[in-house]
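Counting along the sequence shown from 1, when you hit position 77 you're at 152 in this note's numbering, and nothing is skipped either side. Think of the CB as a built atom: it goes at the ideal place given N, C-alpha and C, for glycine as much as any other residue. Quantities reported herein were computed from a predicted structural model and do not represent experimental measurements.
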Amino acid sequence: MHEMSIAIPLVEQLQALAAEHNAARVEALTVAAGVMRQVVPEALVVAFEVAAAETCAAGASLTVESVPLAARCRQCGRQFEPSIDSFVCDRCNQADVEIIDGNDIVLTSVTFQQADDEDQPG
76 MHEMSIAIPL
86 VEQLQALAAE
96 HNAARVEALT
106 VAAGVMRQVV
116 PEALVVAFEV
126 AAAETCAAGA
136 SLTVESVPLA
146 ARCRQCGRQF
156 EPSIDSFVCD
166 RCNQADVEII
176 DGNDIVLTSV
186 TFQQADDEDQ
196 PG
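This is the structure we're talking about:
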């Protein structure tokens, strides 16, 4: 399960952001995961829960959004969505392609609870 190797640096990033924004805790976050990373969303949620225990991100709600694969042919310039096992341009049949999306894992949003909000009823 490689999701733990994603969850640990994610929690570290959240801790740094919380400190930077003077936040008491992380309430929710969204991660965009490219299909090339082969992330199993449910496994990432479980790994995140374990990695976040006893940190400012403990109990935070994690949403994982899938980002489809996108490529551009270097020969004809066509942008297309290849299958994960074939990187051949569907216009000119060349395999000289550049991956332009679907290969990253990005923290896209974070909701913090500010230190002031902790003691207020809500």
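Residue nearest to residue i in terms of C-alpha spacing, selected from the options
i    : options                : result
D160 : R147, I180, V110, V106 : V110
P143 : I174, P84, R153        : I174
R147 : A126, V172, A98        : V172
D191 : M79, A98, A91          : A98
E140 : F162, L119, Q188       : L119
With 16 other Cβ atoms within 10 Å as the buried cut-off, status of residue i
i    : result
A82  : buried
C167 : exposed
G152 : exposed
V114 : buried
Distance CB(residue i)-CB(residue j) smaller than 8 Å
i    : j    : result
C131 : V106 : no
L104 : A135 : yes
Cα-Cα separation, residue i to residue j
i    : j    : result
H96  : D179 : 25 Å
R149 : S158 : 17 Å
V163 : R112 : 19 Å
Q195 : F187 : Only weak support exists for where Q195 lies, its pLDDT of 39 falling under 50; the value from the coordinates is given anyway. Each residue's Cα considered, the two are about 15 Å apart.
P116 : E78  : 9 Å
Q154 : E129 : 45 Å
Q88  : Q169 : 39 Å
Residue i: CB within 7 Å of a non-hydrogen atom of the ligand MG
i    : result
V101 : Summarising the ligand content, the structure contains no ligands, and the ligand MG is consequently not present.
Residue range of the alpha helix (DSSP H) that includes residue i
i    : result
I81  : 78-95
A122 : 116-127
Delimiting residues of the beta strand (DSSP E) encompassing residue i
i    : result
D176 : 172-176
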